[in-house]
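Residue numbering for the sequence shown follows my numbering, starting at 552 and increasing by one per position. A virtual CB, placed ideally from N, CA and C, is assigned to each residue, including glycine. This report refers to the structure that appears directly beneath it.
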Amino acid sequence: MRNTVLSSTKTGLCAAFGLLVGLLASGQTAQAANPLELNFWLSGPKYDGAVAPCEAALPTIASQFQEKESQYWNSPLVITAYSRIHETTFRPWQSDNVPRRYCSGDVVLSDGKVRTVHFSIIEDGGFASIGQGVEWCVTGLDRNWAYNPACKSARP
């Protein structure tokens, strides 16, 4: 008796799933937006391309680096100096994308080692898309492998 109830329940579930898949497959195709939908509050992003120069991001990188090293890795490392900071590229892709300025340079750390830093400044890339955001990576100290290998993903 119990096996009969279980098999009929399984059969019922399979039939319901098959009916659902059939209804979804036979539904209408998606339609393009009509003129009202295209022009009503859908103005799209308006980027000016006004991205700060490379040097403007250095204090942000220093404070975020110190915070990351102390809180997540229990490390006393801090950035003590920068050198050879230069722009790698600006808006490397088509103009419809979010404007970014890519930069690179050297950092001197509190342990005396010189490492390479790669970073980008992003228009409207700050918290909640307010202000400019900065993404950065110090080569050799990407401990969570967010930009691995060798900070390649932090470059254009």
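Put simply, of S661, A613, I672 and S621 the residue whose alpha carbon is nearest the alpha carbon of V649 is I672. Under the three-state reduction of DSSP, Y653 is assigned to strand. G677 sits in coil when the DSSP states are folded into three classes, being neither helix nor strand. If you check the CB distance, W696 and H669 do not come in under 8 Å. DSSP, read as helix, strand or coil, puts A705 in helix. In the displayed model, T611 falls within a helix according to three-state DSSP. For W687, the enclosing beta strand (DSSP E) begins and ends at G684 to V689. Look at L660 here: in three-state DSSP terms it is strand.
The straight-line gap separating the alpha-carbon atoms of F616 and W644 is approximately 28 Å. With distances taken between CA atoms, G656 lies nearest to S634 out of G677, S634, T640 and D675. Counting C-beta atoms within 10 angstroms of its own C-beta, Y653 has 16 or more neighbours from the protein chains shown and is therefore classed as buried. Counting along the chain, E638 sits inside the beta strand (DSSP E) bounded by residues I630 to F641. Between R666 and V658, the beta carbon gap of about 6 Å places them in contact (Cβ cut-off 8 Å).
It is roughly 22 Å from the alpha-carbon of A705 to the alpha-carbon of S626.
Rounded to the nearest whole angstrom, the CA to CA distance from Y598 to K664 is 39 Å.
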